[in-house]
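S.K.: Input: one structure, supplied below.
Number of protein chains: 2
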Amino acid sequence: MSNRTENTASQQGEIEATDTGPARSRVDTGTLGKAISVLDIVASADEPMRFTDILAVSDQPRGTLHRQLSNLVEEGLLSLGRDHSYSVGIRLLKFAAKAWAGNQFRVIAEPHLRNLHDLTGETVHLGVLRGNEVIYLDKVESRQAVRMYSQIGNASPVYCTGVGKAGLSALPDAELRAVVASIKFRRFTDSTLDTPEALLREIEEIRASGNAYDREEHEPGIRCVAAPIYSADRSFVGGLSVTGPAYRISSELLESWAVLVRNTAGAIMDDMGARLGPRT
Amino acid sequence: MSNRTENTASQQGEIEATDTGPARSRVDTGTLGKAISVLDIVASADEPMRFTDILAVSDQPRGTLHRQLSNLVEEGLLSLGRDHSYSVGIRLLKFAAKAWAGNQFRVIAEPHLRNLHDLTGETVHLGVLRGNEVIYLDKVESRQAVRMYSQIGNASPVYCTGVGKAGLSALPDAELRAVVASIKFRRFTDSTLDTPEALLREIEEIRASGNAYDREEHEPGIRCVAAPIYSADRSFVGGLSVTGPAYRISSELLESWAVLVRNTAGAIMDDMGARLGPRT
DNA sequence: ATTGTGGTTCCGATATTTGGAACTCAATTT
DNA sequence: AAATTGAGTTCCAAATATCGGAACCACAAT
Numbered sequence: 001m002s003n004r005t006e007n008t009a010s011q012q013g014e015i016e017a018t019d020t021g022p023a024r025s026r027v028d029t030g031t032l033g034k035a036i037s038v039l040d041i042v043a044s045a046d047e048p049m050r051f052t053d054i055l056a057v058s059d060q061p062r063g064t065l066h067r068q069l070s071n072l073v074e075e076g077l078l079s080l081g082r083d084h085s086y087s088v089g090i091r092l093l094k095f096a097a098k099a100w101a102g103n104q105f106r107v108i109a110e111p112h113l114r115n116l117h118d119l120t121g122e123t124v125h126l127g128v129l130r131g132n133e134v135i136y137l138d139k140v141e142s143r144q145a146v147r148m149y150s151q152i153g154n155a156s157p158v159y160c161t162g163v164g165k166a167g168l169s170a171l172p173d174a175e176l177r178a179v180v181a182s183i184k185f186r187r188f189t190d191s192t193l194d195t196p197e198a199l200l201r202e203i204e205e206i207r208a209s210g211n212a213y214d215r216e217e218h219e220p221g222i223r224c225v226a227a228p229i230y231s232a233d234r235s236f237v238g239g240l241s242v243t244g245p246a247y248r249i250s251s252e253l254l255e256s257w258a259v260l261v262r263n264t265a266g267a268i269m270d271d272m273g274a275r276l277g278p279r280t
Numbered sequence: 001m002s003n004r005t006e007n008t009a010s011q012q013g014e015i016e017a018t019d020t021g022p023a024r025s026r027v028d029t030g031t032l033g034k035a036i037s038v039l040d041i042v043a044s045a046d047e048p049m050r051f052t053d054i055l056a057v058s059d060q061p062r063g064t065l066h067r068q069l070s071n072l073v074e075e076g077l078l079s080l081g082r083d084h085s086y087s088v089g090i091r092l093l094k095f096a097a098k099a100w101a102g103n104q105f106r107v108i109a110e111p112h113l114r115n116l117h118d119l120t121g122e123t124v125h126l127g128v129l130r131g132n133e134v135i136y137l138d139k140v141e142s143r144q145a146v147r148m149y150s151q152i153g154n155a156s157p158v159y160c161t162g163v164g165k166a167g168l169s170a171l172p173d174a175e176l177r178a179v180v181a182s183i184k185f186r187r188f189t190d191s192t193l194d195t196p197e198a199l200l201r202e203i204e205e206i207r208a209s210g211n212a213y214d215r216e217e218h219e220p221g222i223r224c225v226a227a228p229i230y231s232a233d234r235s236f237v238g239g240l241s242v243t244g245p246a247y248r249i250s251s252e253l254l255e256s257w258a259v260l261v262r263n264t265a266g267a268i269m270d271d272m273g274a275r276l277g278p279r280t
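Chains G and Z supply the protein sequences, listed in that same order. For what it's worth, this note's numbering labels the leading residue of the first sequence as 1, then goes sequentially. For what it's worth, this note's numbering labels the leading residue of the second sequence as 1, then goes sequentially.
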């Protein structure tokens, strides 16, 4: 019991760089949680990690970590290269395929995304909040040249993406504060918000206007307008956005889409309310 | 110890319908294995399952199953709808995105798949064997109309798909026998092989010729030619195929592609040998 | 009001995880 | 060639989480 608390605290309380963070208030998930935590470390890295690399960031004893990794490999959630490097296993593809195909939110939103794309001609993204990350669920874009999975499933920080900030604006204050406190800020561009204060100030504006903007805060030359999507009880929070290159999209044009994006978000929420049970 | 063995036997030994089966010889994966086993049950179902449904096929005690499900939900691997139905969680998308983007096999194979597509004009699939299922890693097709994830990540039976049978043909006899023994045959069409004997007989032919065929054995009207891809030590086994509708693809045409498919598989194996370490 | 079904919680017994330390193997240095 | 270092793997007693039967709760149907 005491050890468990210590473990959890030292592993996740201090917000490791690799820590996705919990969806909501932390609850004990026992052995499974620790194993998935290891999986997440590997999944958050840019390239395959070797045993020692993982050991360094996981603060688990060698023996323990080794068994966890072995189990993950045996289950197909990780795969172990001949050079002793761990990468994410393909069994997860099977799970993800179902997660995506069966996701009601995505299914309901899809026609609205298309519609918004037709109206603007630019790329439309749909994402959900998970801890301090936004996970992209779908995207509609003109040139299908980009390979599938290019963006879908991708996890980006909440504080420098349109969908992320829009989602934050829909959270109850207590949760918002908790999430913001868990963020490790990093400046991706000159415009990236990099303090809790700046972020919270902007959230206020978003709440007032109903729209979030990403003004080249994540990638230079990329802008977007977004709006939040949420269930009545805020147990589910996400957003959608229209994105485009700065050279083509003036600030005025971007702002002219704001109401369109808000309306689309509203339409999706209406559909969700209708199909997934009226109140709550 | 003894209990563990019993558990494993009763849960996975008798090959439940929903059981993906282990990649190789069964090794103990402890608590994690049981949890993932539950996840797999939900992921293998066609629609969200309720608690009792899962209870019926998981042969775990109520209390235990409930905790496992709660943990999976808390970790974001499952999501619990307001109607108490469990479906696969979107956190898996994040993991899968990394698994896909970082998969060396897929990266290496990609240009070859394109090339094969250009030569044949039909859809090309890439897949890997996992237990008695084949998981599709990539696909190249003319009309991009089909939505992403449409096939990627999809898990199909080994015994009625071209890629599956090709993969089987590359397995060492002992493993082949083990996998075949774990199959629960089901007739998808009139042509579906539905006995171990018939399947093993065909594997022999595939070994002799180097090509596997799916002659409308999985879906009526759909045919394909496939060839196996494997590492020297057979620790990795997959395949690729060219697929098309029967009305357009005569048996002769299909067979005329056989050598092309074999050569492509060979080229991919050469590339893998070169890039991933020469021997083994 | 009563029964039934589906889901959730409890808690002692028990099996599993834990984690420090010892060990193996390969590559590198002396 | 012997020794050293680094990386990964194995062991086992102690600590702890899981297990699972049974009681409990919520709600719908009778």
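Where a beta carbon is used, it is the ideal one built from N, C-alpha and C, also for glycine.
Does the separation of the CB atoms of I203(Z) and L176(Z) fall below 8 Å?
M.R.: Mapped onto the second sequence, residue 203(Z) falls at position 203. Mapped onto the second sequence, residue 176(Z) falls at position 176. Cβ atoms of I203(Z) and L176(Z): closer than 8 Å.
S.K.: Note down the Cα distance separating P61(Z) from Y213(G), rounded to an integer number of angstroms.
M.R.: Here residue 61(Z) refers to the residue found at position 61 of the second sequence. Here residue 213(G) refers to the residue found at position 213 of the first sequence. Their Cα atoms are separated by approximately 50 Å.
S.K.: On the CB-based measure, 16 or more other CB atoms within 10 Å of its CB, does G259(G) come out buried or exposed?
M.R.: Sequence index remark: in the first sequence, residue 259(G) carries index 259 (1-based). In the sequence on display, residue 259(G) carries Val and not Gly. That one is exposed.
S.K.: Measuring straight from C-alpha to C-alpha, what distance separates V163(G) and W100(Z)?
M.R.: Counting from one through the first sequence, the residue named residue 163(G) turns up at place 163. Counting from one through the second sequence, the residue named residue 100(Z) turns up at place 100. Cα to Cα, V163(G) sits roughly 24 Å from W100(Z).
S.K.: Rounded to whole angstroms, what is the Cα-Cα separation between D271(G) and A35(Z)?
M.R.: Here residue 271(G) is taken as the residue at index 271 of the first sequence, counted from 1. Here residue 35(Z) is taken as the residue at index 35 of the second sequence, counted from 1. Their Cα atoms are separated by approximately 34 Å.
S.K.: I135(Z) and V128(Z) look like a contact to me (Cβ under 8 Å); what is the Cβ gap, rounded to whole Å?
M.R.: Taking the first residue of the second sequence as 1, we reach residue 135(Z) at position 135. Taking the first residue of the second sequence as 1, we reach residue 128(Z) at position 128. Contact holds; Cβ gap of about 6 Å.
S.K.: Buried or exposed: Y159(Z), going by 16 or more other Cβ atoms within 10 Å of its Cβ?
M.R.: Reading the second sequence from its first residue, position 159 is the one you call residue 159(Z). Answer is buried; the Cβ neighbour count reaches 16.
S.K.: With distances taken from CA atoms, which of S156(G), S37(G), E75(G) is nearest T238(G)?
M.R.: Taking the first residue of the first sequence as 1, we reach residue 238(G) at position 238. In the sequence as displayed, the identity of residue 238(G) is Gly instead of Thr. Of the listed residues, the one whose Cα sits closest to G238(G) is S156(G).
S.K.: Could one say the Cβ of R91(G) lies closer than 8 Å to chain Z's Cβ atoms, at least one of them?
M.R.: Taking the first sequence and counting its residues from 1, the one referred to as residue 91(G) is at position 91. True, the Cβ-Cβ gap to chain Z drops below 8 Å.
S.K.: Could you tell me the alpha carbon to alpha carbon distance between D59(Z) and R91(G), rounded to whole angstroms?
M.R.: For the purposes of this step, residue 59(Z) is taken as the residue at position 59 of the second sequence. For the purposes of this step, residue 91(G) is taken as the residue at position 91 of the first sequence. Whole-angstrom Cα-Cα distance: 23 Å.
S.K.: What ranges does the beta strand (DSSP E) occupy inside the region 135-220 of chain G, keeping only unbroken runs of at least 3 residues that lie completely in it?
M.R.: Segments of the beta strand (DSSP E) lying fully in the region 135-220 of chain G: 155-157, 212-215.
S.K.: Which of helix, strand or coil does DSSP assign to L39(Z)?
M.R.: Along the second sequence, one-based indexing puts residue 39(Z) at 39. DSSP places L39(Z) in helix when its eight states are reduced to three.
S.K.: Find out if the Cβ-Cβ distance for the pair L65(G), L78(G) is shorter than 8 Å.
M.R.: Counting from one through the first sequence, the residue named residue 65(G) turns up at place 65. Counting from one through the first sequence, the residue named residue 78(G) turns up at place 78. The answer is no: Cβ separation not under 8 Å.
S.K.: When you compare only the Cα positions, how much space is there between D53(G) and R67(G)?
M.R.: What you label residue 53(G) is simply residue 53 of the first sequence in a count that begins at 1. What you label residue 67(G) is simply residue 67 of the first sequence in a count that begins at 1. Approximately 16 Å, taken between the alpha carbons.
S.K.: How would you write the range of the beta strand (DSSP E) that I229(Z) sits in, first residue to last?
M.R.: Numbered from its first residue, the second sequence carries residue 229(Z) at position 229. Looking at the DSSP string, the run of the beta strand (DSSP E) that includes I229(Z) is 222-230.
S.K.: So, helix, strand or coil for G33(G), using DSSP?
M.R.: Start at 1 with the first residue of the first sequence, and residue 33(G) comes out as number 33. Three-state DSSP puts G33(G) in a helix.
S.K.: In chain G, what lies closer than 7 Å to K282(Z) by C-beta?
M.R.: Only positions 1 to 280 of chain Z appear in the structure, and residue 282(Z) is not among them; the question remains open.
S.K.: For E175(G), return the contacting residues in chain Z, with the cut-off set at a CB-CB distance below 9 Å.
M.R.: Along the first sequence, one-based indexing puts residue 175(G) at 175. Near E175(G) there are no residues of chain Z at all, since even the closest Cβ is about 16 Å away, more than 9 Å.
S.K.: Apply the 10 Å Cβ neighbour rule to T161(G) and answer buried if 16 or more other Cβ atoms are within range, or exposed otherwise.
M.R.: Start at 1 with the first residue of the first sequence, and residue 161(G) comes out as number 161. So T161(G) ends up on the buried side.
S.K.: Can you tell me the Cβ-Cβ gap for A166(G) and I206(G), rounded? I've got them flagged as a contact below 8 Å.
M.R.: Here residue 166(G) refers to the residue found at position 166 when the first sequence is read from its first residue. Here residue 206(G) refers to the residue found at position 206 when the first sequence is read from its first residue. The Cβ separation is near 7 Å, so the contact holds.
S.K.: Please classify E133(Z) as buried or exposed, where buried requires at least 16 neighbouring CB atoms within 10 angstroms.
M.R.: Taking the second sequence and counting its residues from 1, one reaches residue 133(Z) at position 133. E133(Z) is buried by the Cβ-count criterion.
S.K.: For the region 118-134 of chain Z, enumerate the residues whose C-beta is nearer than 8 Å to any C-beta of chain G, in chain order.
M.R.: Answer set for the region 118-134 of chain Z: V128, R130, E133.
S.K.: On the three-pair Cβ rule with 8 Å, is the region 32-52 of chain Z touching the region 29-47 of chain G?
M.R.: They touch, by the three-pair rule.
S.K.: For L283(Z), write down the residues that DSSP places opposite it in a beta bridge.
M.R.: The question about residue 283(Z) has no answer, for chain Z in this structure spans 1 to 280.
S.K.: Using 8 Å as the threshold, is the region 241-255 of chain G in touch with the region 181-194 of chain G, meaning 3 or more CB pairs across them?
M.R.: At 8 Å Cβ cutoff, the stretches do not touch.
S.K.: Rounded to a whole number of angstroms, what is the C-alpha to C-alpha distance between V179(G) and T120(Z)?
M.R.: Locating residue 179(G) in the first sequence gives position 179, where the first residue counts as 1. Locating residue 120(Z) in the second sequence gives position 120, where the first residue counts as 1. So the two alpha carbons sit approximately 52 Å from each other.
S.K.: Using the DSSP secondary-structure output, state which residues sit across from Y86(G) in a beta bridge.
M.R.: Against the first sequence, residue 86(G) aligns to sequence position 86. Bridge partners of Y86(G): M49(G), L80(G).
S.K.: Where I41(Z) and A208(G) are concerned, what is the direct C-alpha to C-alpha distance, given to the nearest angstrom?
M.R.: Here the question's residue 41(Z) lines up with position 41 in the second sequence. Here the question's residue 208(G) lines up with position 208 in the first sequence. Going by the C-alpha atoms only, they are around 45 Å apart.
S.K.: Whole angstroms is fine: what's the gap from V57(Z)'s alpha carbon to S37(Z)'s?
M.R.: Mapped onto the second sequence, residue 57(Z) falls at position 57. Mapped onto the second sequence, residue 37(Z) falls at position 37. Using only the alpha carbons, I get a separation of about 11 Å.
S.K.: Rounded to the nearest angstrom, what separates G153(Z) and Q104(Z) at their Cα positions?
M.R.: For this step, residue 153(Z) is matched to residue 153 along the second sequence. For this step, residue 104(Z) is matched to residue 104 along the second sequence. Roughly 16 Å between the two C-alpha positions.
S.K.: How long is the line joining the alpha carbons of R50(Z) and G63(Z), rounded to whole angstroms?
M.R.: The residue given as residue 50(Z) occupies position 50 in the second sequence. The residue given as residue 63(Z) occupies position 63 in the second sequence. For R50(Z) and G63(Z), the distance between alpha carbons rounds to 15 Å.
S.K.: Please compile the residues from chain Z whose C-beta is within a distance smaller than 9 Å of the C-beta of A208(G).
M.R.: As a first step, residue 208(G) must be located in the first sequence, where it is residue number 208. Chain Z residues near A208(G): none, gap ~29 Å exceeds 9 Å.
S.K.: Which residues in chain G sit within 9 Å of I268(Z), going by Cβ to Cβ distance?
M.R.: Numbered from 1 along the second sequence, position 268 holds the residue referred to as residue 268(Z). The premise fails here: I268(Z) is roughly 16 Å from chain G at the closest Cβ pair, so nothing lies under 9 Å.
S.K.: To be precise: take each residue of the region 85-114 of chain Z, compare its Cβ to all Cβ atoms of chain G, and keep it if any distance is under 7 Å. Which residues remain?
M.R.: Within the region 85-114 of chain Z, the residues whose Cβ lies closer than 7 Å to some Cβ of chain G are S87, V88, G89, I90, R91, L92, L93, K94, F95, A96, A97, K98, A99, W100, A101, G102, N103, listed in chain order.
S.K.: Along chain Z, which residues have their Cβ under 7 Å away from the Cβ of G30(G)?
M.R.: Counted from its first residue, the first sequence places residue 30(G) at position 30. Result: N71.
S.K.: S87(G): which of K139(G), P172(G), G76(G), A96(G) sits nearest, CA to CA?
M.R.: Residue numbering aside, residue 87(G) sits at position 87 when the first sequence is read from its first letter. S87(G) has its Cα closest to that of G76(G), out of K139(G), P172(G), G76(G), A96(G).
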